[in-house]
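All remarks here apply to the structure that follows.
Pasting the structure below:
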C-alpha cells in the first residue's frame, strides 16, 4: 500500500477512530488502526469488539493494500509531523515508511487482513436526526448513568421511537433523565438500549452542526450511526428496560420556581464543605419566598438563602449536592420548576412542554 | 478578628501563600494559612519550615486578631464566593464566619498564636533584581536540577554574586545550566545555594514585570525575597558547591551552527519512537552541511536531516533526547552554536557573549 494525504486529514481520521481503541490490552491487533486503500478510498478503522469506528480520509492512492499500525504511536507521530503532505509506504513485511518533509519514520506494522472487520448491517430500519440534536440529547442525559454498575441497563440509555418523536432515558436507581426530541419524519415504533460508552464516544465525534444529519440504523443486536465520512457500529444491550414512566408522575404538594444560576451557585458553594468522598446532604428548607440551603460537615457549615416563587406546602428536603448540580448544569432555562411531595419522595424538575423530566431521589437528614 | 476585603484581593493572597503549604500532612497547623489583622495591616502567612510566604491583603480591619484556617478549604471557598466584598468574623473559639452576599459559611479555625512565625532577618546584605530577570533566570536553569536526588546540591541552584553580575548555576551530574544576569548595582562577592523548590515556588509568584524589583536579602542560613506585597523566606543549603567552572571549558573540535526550531522539532519527533520510560539515545551524525538525526527502538526508527553550518571535524554523537530538548526550549535565539570534542565528551551550547553556557553529557551508542 502507498498513500499520500495531508497531515491534517490523516490526523483528523486517526483522532476519530482512536475512540474505539481500547485503553488497555497488550500490544495486539486490537490496539491498532487498520489503514485500507481500496477501490479509490482510504479508510481508517478501529474496533474493540463492542464498538467499531470507520472513517474515510481524503488522499491519493498510489498502490492499494492495507496495514494495521499501533494506534497510540500512529497518533503521536502524525500529530508531531510538519503541516504538509504525508506519504505512507508499506513494504511486504508491513514495515511502514512514513515520510513528511525531512522526516523519515519506519514503523513496524501488522497484516491488515488479521484485523476484525466491522459487522455488516442490512440498513432497513433507520431514523434521521441532526448532529446537533443527537449530541445535545446525549449530553443532557448521559450523566444519569452509573459508571460502575453490574446492571447493564444502568450503564445504557433507552432510545424509544414513536411516530416523529425520539425519547431518550437514562437512570441509575437514584435519578432519571428523560428527554424528548422531535424527529423530521415519522417512523414505526422501536425501542433499543445503547451502551453509554458508545454514546459517549459518539458525542465526542459529532460536530454539533444543525445542518448535518446522522442516520441511525437498527438491527437485532446492532446499531449503526452514519455521519458524513464516519460510520460507528455498536452492539446493543439485550433485555427489557425499566418501566420508567410510572416513576415520572405528575403529583405534587409543592411547586418551586427558582433561578437556575442562583440555585446552582448556592449548591456549588455548599459542596466546598465536603471533603473528597464525603457524602453529606444539602438541605433545602423552602418557605414562602425563599429556599434556605444549608450543609454541615466536619469542616464547618454553610447557609445560603435563595429567593424563589413557591406554591403549595412548605417543605424541608435534602439531596446529594452532585445529583442536583448535574441536572442544573444541562438545563438552559433561566428559571426552572421543581415539584415535590414530601421529604421521602423524589423531586421532579420538568418544563411545561414536557420535553424534559428529571427525577432526583432525596436522602435522609436530621432536622435541627 | 473581623476583616472586610474584596473576594479578589483575598483570593490572590490565598493563592500566593498557598505555595508554602505542604501537600501532605494530616490536618495540622502546617496545612493552615494564618490570617492576621494587626497594626492596620491584614497579612496572610504560610510556612512549611523550609519555605515561608507572607503577603499583605488590602482590606478593612474592624477588630484586630488572628486565626489559622485550613488552606485547601479556605482557597476552595474563596474561589467560589460571588465577586463581592467578603467579611471574615472570628469568634473567640476560632469558629470563623465568612459572609459574602447571601452566603454564610462557618469554618472551624485554630488559634493563630500556635502558628510558627517566619524567621527574622537582619536585612544587611542584599541585591536588587527585576521580577522579570529573576523569573527568567530561574526558568532557564531549573530544569537541570535532579528531582529525586539525595545530594542536595543537585536539587539546588548556586547564586553567585560578583560586582554587578549574578551567576546562576544548576546541575544534576549529566548536564549543567549556567546563566549570567547583569545587576543594576555593584555588590560584594557572595555565594549562596538556594533549594530548587523555593525557586520554583517563587517563579510562580513573580509577575515577570520588568519595572518591578525584587530585593534579595542574605543571611547565614536564610534568604529572603521581598516583592511588592509579598515576602518569601527560605532556608539555604549548607556546604560547598561543585567546582563547575572547570567543566565549562572552551576547547572544541567541531562547531555547529543550527536553527533551534529545526533541531527541536527533529528531536521531538524522534521521541515519538520511545515508549514511556524507554531510554534510547538519539544519534547526531554531523557532516559538512547537515545533521542526520536518527533513533531506533522496538517500535521502529526515525531519520531526519537538518541543515547546519559546521566547522572542524565530522562527528557522530548521541544524547538522551529529553536533555537536549530541555535546553533548546529555553533558548530564545533563532540560531544556536554547539561545540563538541568527541563522542565521549560533553556538548557545550553557548552564545558569543557567554551570558549562557549549557553542558550536556553524551551517551554511548552503537554505530551501524
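Protein chains in written order, with the numbering used here: chain A, 1 to 368; chain B, 1 to 368. All C-beta atoms, glycine included, are put in the ideal place defined by N, C-alpha and C.
Terminal residues of the beta strand (DSSP E) in which residue i lies
i                      : result
residue 202 of chain A : It is not in any beta strand (DSSP E) - residue 202 of chain A instead sits in the alpha helix (DSSP H) that spans 196-205.
residue 65 of chain B  : 65-70
residue 92 of chain B  : Counting along the chain, residue 92 of chain B falls outside any beta strand (DSSP E), and DSSP gives it neither H nor E.
residue 265 of chain A : From DSSP, residue 265 of chain A is part of no beta strand (DSSP E) but of the alpha helix (DSSP H) over 260-270.
residue 243 of chain B : First-last for residue 243 of chain B: undefined, no H or E at that position.
residue 28 of chain B  : First-last for residue 28 of chain B: undefined, no H or E at that position.
residue 222 of chain A : 222-226
residue 337 of chain B : 335-340
residue 106 of chain A : 103-108
residue 372 of chain A : Look at the range of chain A in this structure, 1 to 368, and you will see that residue 372 of chain A is not part of it.
residue 2 of chain B   : 2-6
residue 237 of chain A : Premise fails: residue 237 of chain A is in no beta strand (DSSP E) and is neither H nor E.
residue 348 of chain A : 347-350
residue 360 of chain B : 356-360
residue 252 of chain B : Here residue 252 of chain B belongs to no beta strand (DSSP E), and DSSP marks it neither H nor E.
residue 217 of chain A : 213-218
Endpoints, the alpha helix (DSSP H) within which residue i is located
i                      : result
residue 151 of chain B : First-last for residue 151 of chain B: undefined, no H or E at that position.
residue 330 of chain A : 321-330
residue 136 of chain B : 131-139
residue 35 of chain A  : Premise fails: residue 35 of chain A lies in the beta strand (DSSP E), 32-38, not in any alpha helix (DSSP H).
Beta carbon of residue i nearer than 7 Å to that of residue j
i                      : j                      : result
residue 362 of chain B : residue 319 of chain B : yes
residue 282 of chain A : residue 298 of chain A : no
residue 175 of chain A : residue 284 of chain A : no
residue 88 of chain A  : residue 3 of chain A   : yes
residue 19 of chain B  : residue 201 of chain B : yes
residue 46 of chain B  : residue 86 of chain B  : no
residue 312 of chain B : residue 293 of chain B : no
residue 68 of chain B  : residue 110 of chain B : yes
residue 9 of chain B   : residue 58 of chain B  : yes
residue 217 of chain A : residue 126 of chain A : yes
residue 38 of chain B  : residue 64 of chain B  : yes
residue 130 of chain B : residue 215 of chain B : no
residue 199 of chain A : residue 157 of chain A : yes
residue 105 of chain B : residue 98 of chain B  : yes
residue 90 of chain A  : residue 11 of chain A  : no
residue 76 of chain B  : residue 272 of chain A : yes
residue 336 of chain B : residue 260 of chain B : yes
residue 179 of chain B : residue 141 of chain B : yes
residue 154 of chain B : residue 146 of chain B : yes
residue 340 of chain B : residue 315 of chain B : yes
residue 103 of chain A : residue 304 of chain B : yes
Reference residue i; option with closest CA among the options
i                      : options                    : result
residue 221 of chain A : A:290, A:149, A:135, A:122 : A:122
residue 95 of chain B  : A:260, A:301, A:323        : A:301
residue 317 of chain B : B:141, B:44, B:99, B:367   : B:367
residue 252 of chain B : B:69, B:77, B:343          : B:343
residue 256 of chain A : A:171, A:327, A:349        : A:349
residue 328 of chain A : A:60, A:177, A:199         : A:177
residue 84 of chain A  : A:41, A:262, A:6, A:62     : A:6
residue 245 of chain B : B:260, B:239, B:169        : B:169
residue 56 of chain A  : A:49, A:42, A:66           : A:42
residue 269 of chain A : B:62, B:52, B:82, B:1      : B:82
residue 16 of chain B  : B:152, B:1, B:44           : B:44
residue 49 of chain A  : A:119, A:80, A:13          : A:119
residue 148 of chain B : B:352, B:182, B:171, B:325 : B:171
residue 275 of chain A : A:340, A:145, A:321        : A:321
residue 263 of chain A : A:61, A:241, A:326         : A:326
residue 243 of chain A : A:173, A:139, A:354        : A:173
residue 219 of chain A : A:258, A:40, A:124         : A:124
Residues bridged to residue i (per DSSP)
i                      : result
residue 290 of chain B : B:307
residue 47 of chain A  : A:52
residue 365 of chain B : According to DSSP, residue 365 of chain B bridges with nothing at all.
residue 300 of chain A : B:107
residue 402 of chain B : Residue 402 of chain B is absent from the structure shown; chain B starts at 1 and stops at 368.
residue 284 of chain A : A:293, A:317
* Could you say if the segment 304-323 of chain B and the segment 224-233 of chain B meet the contact criterion of at least three C-beta pairs nearer than 8 Å? => Judged by Cβ distances under 8 Å, the segment 304-323 of chain B makes no contact with the segment 224-233 of chain B, as fewer than three pairs qualify.
* To do: Assess, as a yes-or-no matter, whether the segment 234-245 of chain A is touched by the segment 186-204 of chain A under the definition of 3 or more beta carbon pairs within less than 8 Å.
  => The segment 186-204 of chain A and the segment 234-245 of chain A touch, with no fewer than 3 CB-CB distances between them shorter than 8 Å.
* Tell me, please, whether the segment 182-193 of chain B touches the segment 104-119 of chain B by the rule of three or more beta-carbon pairs shorter than 8 Å. => Contact between the segment 182-193 of chain B and the segment 104-119 of chain B is absent: fewer than 3 CB-CB pairs across the two stretches fall below 8 Å.
* To do: State whether the segment 149-168 of chain A contacts the segment 179-187 of chain A, with contact taken as three or more CB pairs (one from each stretch) at a distance under 8 Å.
  => The segment 149-168 of chain A is in contact with the segment 179-187 of chain A.
* To do: For the segment 349-358 of chain A and the segment 23-40 of chain B, state whether three or more C-beta atom pairs, one from each stretch, are separated by less than 8 Å.
  => In short, these stretches do not touch, since the Cβ pair count stays below three.
* Asked: For the segment 120-137 of chain B against the segment 205-218 of chain B, are there 3 or more C-beta pairs whose distance is under 8 Å?
  -> Cβ pair count under 8 Å is three or more, so yes.
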